[in-house]
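Keeping their order, the protein sequence lines are chains Z, R and E. All the letters of the first sequence, read from the start, carry residue numbers 1 to 357 under this note's numbering. All the letters of the second sequence, read from the start, carry residue numbers 1 to 357 under this note's numbering. All the letters of the third sequence, read from the start, carry residue numbers 1 to 357 under this note's numbering. For each residue, glycine too, the CB sits at the ideal point set by N, CA and C. The structure displayed is predicted, hence computed values, not measured ones. Everything below concerns the one structure shown next.
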Amino acid sequence: MALTLEQISQRFGGEVVGDAALKVAGLAPLDQAQPHQLAFLANPKYLSQVETTQAGAVLIAPGDLAKLASREGRSFIVTPNPYAYFARVAQWFIDLASPKAPAGVHPSAVIDPSAQVAPDAVIGPHVVIEAGAVIGARARIDANVTIGRGTRIGEDSHLYPNVAVYHGCNIGPRAIVHAGAVIGSDGFGFAPDFEGEGEARTGSWVKIPQVGGVAIGADVEIGANTTIDRGAMADTIIEECVKIDNLVQIGHNCKIGAYTVIAGCAGIAGSTTIGRHCMIGGAVGVAGHVTLGDFVIVTAKSGVSKSLLKPGIYTSAFPAVGHAEWNKSAALVRNLDKMRERIKTLEATLAERGDNA
Amino acid sequence: MALTLEQISQRFGGEVVGDAALKVAGLAPLDQAQPHQLAFLANPKYLSQVETTQAGAVLIAPGDLAKLASREGRSFIVTPNPYAYFARVAQWFIDLASPKAPAGVHPSAVIDPSAQVAPDAVIGPHVVIEAGAVIGARARIDANVTIGRGTRIGEDSHLYPNVAVYHGCNIGPRAIVHAGAVIGSDGFGFAPDFEGEGEARTGSWVKIPQVGGVAIGADVEIGANTTIDRGAMADTIIEECVKIDNLVQIGHNCKIGAYTVIAGCAGIAGSTTIGRHCMIGGAVGVAGHVTLGDFVIVTAKSGVSKSLLKPGIYTSAFPAVGHAEWNKSAALVRNLDKMRERIKTLEATLAERGDNA
Amino acid sequence: MALTLEQISQRFGGEVVGDAALKVAGLAPLDQAQPHQLAFLANPKYLSQVETTQAGAVLIAPGDLAKLASREGRSFIVTPNPYAYFARVAQWFIDLASPKAPAGVHPSAVIDPSAQVAPDAVIGPHVVIEAGAVIGARARIDANVTIGRGTRIGEDSHLYPNVAVYHGCNIGPRAIVHAGAVIGSDGFGFAPDFEGEGEARTGSWVKIPQVGGVAIGADVEIGANTTIDRGAMADTIIEECVKIDNLVQIGHNCKIGAYTVIAGCAGIAGSTTIGRHCMIGGAVGVAGHVTLGDFVIVTAKSGVSKSLLKPGIYTSAFPAVGHAEWNKSAALVRNLDKMRERIKTLEATLAERGDNA
Chain Z
1 MALTLEQISQ RFGGEVVGDA ALKVAGLAPL DQAQPHQLAF LANPKYLSQV ETTQAGAVLI
61 APGDLAKLAS REGRSFIVTP NPYAYFARVA QWFIDLASPK APAGVHPSAV IDPSAQVAPD
121 AVIGPHVVIE AGAVIGARAR IDANVTIGRG TRIGEDSHLY PNVAVYHGCN IGPRAIVHAG
181 AVIGSDGFGF APDFEGEGEA RTGSWVKIPQ VGGVAIGADV EIGANTTIDR GAMADTIIEE
241 CVKIDNLVQI GHNCKIGAYT VIAGCAGIAG STTIGRHCMI GGAVGVAGHV TLGDFVIVTA
301 KSGVSKSLLK PGIYTSAFPA VGHAEWNKSA ALVRNLDKMR ERIKTLEATL AERGDNA
Chain R
1 MALTLEQISQ RFGGEVVGDA ALKVAGLAPL DQAQPHQLAF LANPKYLSQV ETTQAGAVLI
61 APGDLAKLAS REGRSFIVTP NPYAYFARVA QWFIDLASPK APAGVHPSAV IDPSAQVAPD
121 AVIGPHVVIE AGAVIGARAR IDANVTIGRG TRIGEDSHLY PNVAVYHGCN IGPRAIVHAG
181 AVIGSDGFGF APDFEGEGEA RTGSWVKIPQ VGGVAIGADV EIGANTTIDR GAMADTIIEE
241 CVKIDNLVQI GHNCKIGAYT VIAGCAGIAG STTIGRHCMI GGAVGVAGHV TLGDFVIVTA
301 KSGVSKSLLK PGIYTSAFPA VGHAEWNKSA ALVRNLDKMR ERIKTLEATL AERGDNA
Chain E
1 MALTLEQISQ RFGGEVVGDA ALKVAGLAPL DQAQPHQLAF LANPKYLSQV ETTQAGAVLI
61 APGDLAKLAS REGRSFIVTP NPYAYFARVA QWFIDLASPK APAGVHPSAV IDPSAQVAPD
121 AVIGPHVVIE AGAVIGARAR IDANVTIGRG TRIGEDSHLY PNVAVYHGCN IGPRAIVHAG
181 AVIGSDGFGF APDFEGEGEA RTGSWVKIPQ VGGVAIGADV EIGANTTIDR GAMADTIIEE
241 CVKIDNLVQI GHNCKIGAYT VIAGCAGIAG STTIGRHCMI GGAVGVAGHV TLGDFVIVTA
301 KSGVSKSLLK PGIYTSAFPA VGHAEWNKSA ALVRNLDKMR ERIKTLEATL AERGDNA
């Protein structure tokens, strides 16, 4: 499977400099690429590698091309964003090379007669699709996935094995949902119904019904074993082009703004709004009922307990250091009030002596 | 589907004030409710909304009813806990409106002949129930769930899709287990069997067999993709009315006391006992082999490394602040010992000068 | 089911002292064991329990046996590591007592004709095995597991229910993979393709294809609902005898060295290398693109943001204390720069006065 630079540029744009009929059969980094491969210069500091690479052709930004000492024997596709261009071309090669699952419903799948499955969708073995669900064109639903009643899966979406989408949810087009993800589980809400205090307390927690759904926009990717709870009354909302990594928890009635990325092991408690274009680091925790503005970045392992409305980078994590050193610092932190008292005493003594001088 | 206030109060208690024959068809917040809906006053600060609401009837506490300027044209159900009452009525409306899955075993389910499944249980497609398992009356086992050999699922329990319960576990009545949860996986225990030090170390980790089970009391709810390990020798124990959110890890031989709630992404290491009526915040970590007393509250993102026996609120998390500001504080924390030395020097100098004065 | 001490020592080594024909029917701790049971002394501080135990025989280290006041009426298996020996014997008893699943493929499983399944493997109900996959001898694949195309599962491995292994992965012999684990999901990588700043920003995230696999060595155990992402170009690597607990996230292109153990809820970001014989505590987060050397220990809840090359124990977690006390310390931490300024002022004043004296 090989493609000419012309074919590639016709599909993804960019200008061919050099031999438009040159064929490439795949992509590789500059320092590993062979003459039948397409390389890319994503970071200008590797410009010198473009001079020495074995690659048949290179994806390059116009400014970087201009800096090259020699273009001898090499062809280029010039594009303002070679890294994104690389990603698109690489995906195309993969799509061309991957075996196509035949459209249709595997005989072991259990599809309610009232569900609508597009004829060109691919429904894998042991899939369960409940009443009134709608599966869009070219959607691919892998083995052992369960789609609840009335849930809609957008066209060109791909749900990997063992995904569970509860009833009444809506997933937009081109979604990628990785294995084991759960969408639409009940939010965590209970009304206390207790009497008495302390050990004499009796009663129970009464479950608050969760009757909202989950509304997920276009081009969203959701990681393996991530969980997104349904809303209590209104929907939990994930806007378009949000990217969520593995093992992330999104509580009920959260709203995650478009283009926001959330790294693995993060948890967003209920009724919290995260703006557009945010970056939430790995293992970050965000409290419930707070708001993060657009373009907020929270670094890994930090905890957010209050609203952060202004764009910017926010942090609350310490980096690990030697255990003994850490313990010493931690003990001092616990006794900071004593240190402050000693400073106060010093100040008072000095002031007194100054007065007396 | 509409119910009279009388029907509701006959089922859940409370006193009707006004028109007991008034029909309501659902619930809504005070500020959104329509005349055919039942609203509720959970927080006295919204008392004025009771005067202006369009709701046909309002759930209200006796003390708040007494404070109302006018009850004109409105009916009430008077109950000491309107929020819990709301939750119960809302659940009833949902139950009435939801399609009932027919009792019985889906033909694609694989049930061992020695398993006992109550005739009114609902066993979904592709469910697997192994030898000797017992499924209680009216239990609902959703698609792709696996129940291990000898495991018992209590009456009226609901296991959502893709739940796995290993062999030899016991889940009490009225449990709700959300999709992807795993109950009874092996605890994390290995005996080191190594010789030599440093790079010369050879040997391996030897798995400690985990032969206890998991014993879960009545009215427990377990969140999506949460994991509860089986005990090493004795059982891991989850007492009645414990509520566990999504992506929570409970280690082997933990005991979680009744009515305790554990928020998402928390992790409880092995052999730890948590008391009754505790509240464990999101992403909290509790070390192994410690004890938390009854009524202990640990705030989100905190880490517990020692036993906390007294009731109270415990914390160890910093809230995120601007990145530069945080880095400055963090650097000072790392150098607190130097700050302490400077204070010591100041004190010594001052003492010396005082002596000399 | 009972075994003589001789049978046990023939299988696992060690020297029998006392009655080699004595039969034991199981294992128990020293203080609970009965005459038909085998106990073990793992910790010398319980030596006195060996004198009083009811156990028929005791696993003991040679040095501890020598310290015993009396061996009267008791038999021993002498071994340098009684705890590891106990684990092995206990596993043998379990294997002898457990019902054996018959070899073969359950009729409800869906196996691609091009997949190779060893005739003595056990393939459970509703399992899906895609084209070209290879299942090794005596492997046990439980209900609802999905194995992607071309993936290889080593001999004697056990995959519990609902595990998903994507295409092109390789799991070594004797692996144990607990329920709901996901192996080979896409790494979290996107190229930004945006133009404009702030609210005028337009564009999207472009997915970087993830074409590496996951290569897992021999004797690895992977916990329930843990996720291990496939590499972007090269493989994600888990070396032999790595033990990973539940709900752990391993990012793309990580390399985890042999014998390392990773406790529950930990997260390792992409392209990070962790050495051999490391211990990563519960809920630890490790940033991407860093290296941990061999024999590094990171305590629970800590965050690692830079490489830690030297063996040793590293920490960054504070233990929870009373909420009010914590808040006081936290406020002082935020104002440490002011404290430092006050010390500076004191030092300057004192220096000035000293000069003037």
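- The beta carbons of residue 203(R) and residue 190(R) sit no closer together than 8 angstroms.
- If the five residues before and after residue 258(Z) are omitted, its C-beta is found closer than 6 angstroms to the C-beta atoms of 239, 240, 241 and 276, all from its own chain and listed in chain order.
- Classified as exposed, residue 197(Z) has fewer than 16 neighbouring CB atoms from the shown chains inside 10 Å of its CB.
- In terms of Cβ geometry, residue 228(E) and residue 183(E) form a close pair [threshold 8 angstroms].
- Nearest Cα to residue 31(R) within the set 237(R), 46(R) and 216(R): 46(R).
- CA-CA distance, residue 37(Z) to residue 2(Z), rounds to 9 angstroms.
- With a 10 Å radius around the Cβ and a threshold of 16 neighbouring Cβ atoms, residue 354(R) comes out exposed.
- Only those residues of the segment 126 to 139 of chain Z whose C-beta falls short of 8 angstroms from the nearest C-beta of chain R are listed: 126, 128 and 131.
- Here the segment 219 to 238 of chain E lies against the segment 218 to 226 of chain Z, with 3 or more beta-carbon pairs under 8 angstroms apart.
- For residue 91(R) and residue 56(R), the gap between their C-alpha atoms comes out near 19 angstroms.
- Assigned with DSSP and collapsed to three states, residue 171(Z) falls in strand.
- Within chain Z, the residues 315 and 316 have their CB atoms less than 7 angstroms from the CB of residue 326(R), given in chain order.
- Rounded to whole angstroms, residue 76(Z) and residue 255(E) show a C-alpha spacing of 35 angstroms.
- If you look at residue 143(E), you'll find it isn't in any alpha helix (DSSP H); DSSP assigns it neither H nor E.
- Two segments are said to touch when three or more pairs of C-beta atoms, one from each, lie closer than 8 angstroms; by this definition the segment 4 to 15 of chain Z touches the segment 78 to 85 of chain Z.
- For residue 214(Z), the secondary structure class from DSSP, reduced to helix, strand or coil, is strand.
- Close to residue 342(E), with beta-carbon spacing below 8 angstroms, are these residues of chain Z in chain order: 343 and 347.
- When only Cα atoms are considered, residue 317(R) and residue 178(Z) end up about 31 angstroms apart.
- Setting aside the 5 residues that flank it on each side, residue 88(R) is surrounded in the same chain by 12, each with a C-beta closer than 6 angstroms to its C-beta; the list follows chain order.
- Secondary structure remark: continuous beta strand (DSSP E) runs of at least 3 residues inside the segment 48 to 134 of chain R, in chain order: 57 to 60 and 75 to 78.
- Put simply, the backbone Cα of residue 244(R) is about 40 angstroms away from that of residue 335(R).
- Not one beta carbon of chain E lies nearer than 8 angstroms to the beta carbon of residue 154(R).
- Judged by beta-carbon spacing, residue 132(Z) lies within the 8 angstroms limit of residue 114(Z), meaning their Cβ atoms are closer than that value.
- CA-to-CA, the gap between residue 290(Z) and residue 268(Z) works out to about 10 angstroms.
- Among the residues of chain Z, those whose CB is under 9 angstroms from the CB of residue 350(R) are 346, 349, 350 and 353, following chain order.
- Shortest Cα-Cα distance from residue 282(R) to any of 306(R), 305(R), 247(R) and 52(R) involves 247(R).
- For residue 306(E), the chain Z residues whose Cβ falls inside 8 angstroms of its Cβ are 319, in order along the chain.
- CA-to-CA, the gap between residue 64(Z) and residue 94(Z) works out to about 28 angstroms.
- In this structure, the beta-carbon distance from residue 166(E) to residue 142(E) does not fall below 8 angstroms.
- At a Cβ-Cβ threshold of 8 angstroms, residue 263(R) and residue 237(R) do not count as neighbours.
- Listed in chain order, the positions of the segment 230 to 254 of chain E with a beta carbon within less than 7 angstroms of a beta carbon of chain R are 241, 243, 245, 246 and 247.
- Shortest Cα-Cα distance from residue 48(Z) to any of 33(Z), 134(Z), 118(Z) and 67(Z) involves 67(Z).
- With 16 or more other Cβ atoms inside 10 Å of its own Cβ, residue 221(Z) counts as buried.
- Under the three-state reduction of DSSP, residue 323(E) is assigned to helix.
- Burial state of residue 41(E) is buried, judged by a 10 Å Cβ sphere holding 16 or more other Cβ atoms.
- Scanning chain Z for C-beta atoms nearer than 8 angstroms to the C-beta of residue 275(E) yields nothing, as the closest lies near 15 angstroms away.
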